Amino acid sequence: MFDYKLLSALAAVVEQAGFERAAQVLGLSQSAISQRIKLLEARVGQPVLVRATPPAPTEIGRRLLNHVQQVRLLERDLQSLVPALDEEGLPERLRIALNADSLATWWAGAVGTFCAEQHLLLDLVVEDQTVGLKRMRAGEVAACVCASERPVAGARSVLLGAMRYRALANPAFIARHFPDGVRADQLARAPALVFGPDDFLQHRYLASLGVEGGFEHHLCPSSEGFIRLAEAGLGWGLVPELQVREQLERGELVELVADKPIDVPLYWHHWRNGGQLLGLLTEQLVRASGQWLVPLG
1 MFDYKLLSAL AAVVEQAGFE RAAQVLGLSQ SAISQRIKLL EARVGQPVLV RATPPAPTEI
61 GRRLLNHVQQ VRLLERDLQS LVPALDEEGL PERLRIALNA DSLATWWAGA VGTFCAEQHL
121 LLDLVVEDQT VGLKRMRAGE VAACVCASER PVAGARSVLL GAMRYRALAN PAFIARHFPD
181 GVRADQLARA PALVFGPDDF LQHRYLASLG VEGGFEHHLC PSSEGFIRLA EAGLGWGLVP
241 ELQVREQLER GELVELVADK PIDVPLYWHH WRNGGQLLGL LTEQLVRASG QWLVPLG
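Reading the sequence shown from the start, the letters are residues 1 to 297 in the UniProt record's numbering.
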């Protein structure tokens, strides 16, 4: 039988990115957390954590994290049937990975009422839509929003729709860099905006215009900051249409090549044995996402 106090210590260390914060969350001393991790490792016969900054789960650690995530959700179903089991009466916490652009646009509207009705608290981990699935594979989250259709083992994926991006810049930037009109071969020499090293939207856009290879760019790992840089004329970039409708209407941002968007599919991934709560959240997201996301294809 598993000792779930030990598994809770492992989950807290990974979720809180360290022993000190894990101890605070669980109301224990840092030494007690360390002892629980050592005892867990003694019982499984191998390390469950890589002692780095932040600590990272080993392969067996990831399997144990996957297990404890699902147990938490299944326990919630039991507590709804037998309320006496819920001694503390605390709200459920759900750890979810999603991309910054979803967080900045449609996510809050899709889940706000649901979280209030279900007494649910969220721990949101921001990842690029191309790599969010790695958090599930590592056992760090119970669900994620990402661009990959194929789920990890033990999980399923549901298509929510697509986020539509347009290549935009402010009028002064366009006049400065493209006085005779935007040409594809000039785009690589005009500063672009890139969210981070895992963001390849600008690469995809340039490739669709027949431009390959590197290009000048700023790095800006903030969805809101990305828009501010574009408005200030620092560069051009692929921006969620949802986020800049007012700027487009006012002419503060202009599409570089008319009506040439890129649609990025967004899939909701969740554990198959995630209990009723994840099932209800999945239904809510499928219903609500149609208000903001465009149909794929």
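Glycine included, each C-beta is placed from N, C-alpha and C at the ideal position.
This structure is a prediction, so every number in the text was calculated from the model and none was measured.
{"Check": "Proximity winner among GLN24, LYS38 and VAL194, relative to SER223 (alpha-carbon distances)", "Outcome": "VAL194"}
{"Check": "Minimum C-alpha distance to VAL125 - residue among ASP101, CYS115 and GLN118", "Outcome": "ASP101"}
{"Check": "CA nearest to the CA of ALA269, picked from LEU206, ARG156 and VAL294", "Outcome": "In the sequence as presented, Ala is not what sits at residue 269; that position holds His. Minimum Cα distance to HIS269 is reached at ARG156."}
{"Check": "Close Cβ partners of ALA190 (< 6 Å) along its chain, the five nearest in sequence each way excluded", "Outcome": "HIS177"}
{"Check": "CA-to-CA distance, VAL48 to ALA22, given in whole angstroms", "Outcome": "15 Å"}
{"Check": "Ordered list of alpha helix (DSSP H) runs contained in the segment 115–176, each at least 4 residues", "Outcome": "133–137"}
{"Check": "Endpoints, the beta strand (DSSP E) within which ASP185 is located", "Outcome": "That residue, ASP185, is in no beta strand (DSSP E); its alpha helix (DSSP H) goes 184–187."}
{"Check": "Chain-order list of residues whose beta-carbon lies under 8 Å from that of LYS5 (same chain, five-residue window excluded)", "Outcome": "ARG36"}
{"Check": "Burial state of ALA207 (16 or more Cβ within 10 Å)", "Outcome": "exposed"}
{"Check": "Expected contact under 8 Å - CB spacing of GLU127 and ALA97 to nearest Å", "Outcome": "5 Å"}
{"Check": "Segments assigned alpha helix (DSSP H), at least 4 residues, entirely inside the segment 48–76", "Outcome": "none"}
{"Check": "Beta-carbon proximity check, ALA169 vs LEU248, cutoff 9 Å", "Outcome": "no"}
{"Check": "Distance CB(LEU237)-CB(ALA172) smaller than 9 Å", "Outcome": "It is worth fixing the name first, because residue 237 is Gly in this sequence and not Leu. Not closer than 9 Å, so no."}
{"Check": "Distance cut-off 8 Å: SER223 Cβ against heavy atoms of the ligand MN", "Outcome": "The ligand MN is not part of the structure shown, which contains no ligands of any sort."}
{"Check": "Rounded C-alpha distance that separates PRO54 from VAL13", "Outcome": "9 Å"}
{"Check": "Beta-carbon proximity check, LEU278 vs LEU10, cutoff 9 Å", "Outcome": "no"}
{"Check": "DSSP three-state assignment for LEU20, whether helix, strand or coil", "Outcome": "A quick correction: the sequence has Glu, not Leu, at residue 20. If DSSP states are grouped into helix, strand and coil, GLU20 belongs with the helices."}
{"Check": "Buried or exposed by the 16-neighbour rule on C-beta atoms within 10 Å, applied to GLU140", "Outcome": "buried"}
{"Check": "LEU226 burial status per 10 Å Cβ neighbour count (16 or more: buried)", "Outcome": "Residue identity check: residue 226 is Phe in the sequence provided, not Leu. Burial call: buried."}
{"Check": "Any chain B beta carbon closer than 9 Å to LEU219", "Outcome": "The chain labelled as chain B is not found in the depicted structure, where only one protein chain is given."}
{"Check": "ALA258, DSSP secondary structure in three states", "Outcome": "coil"}
{"Check": "Sub-9 Å separation of PRO265 and ARG166 beta-carbons", "Outcome": "no"}
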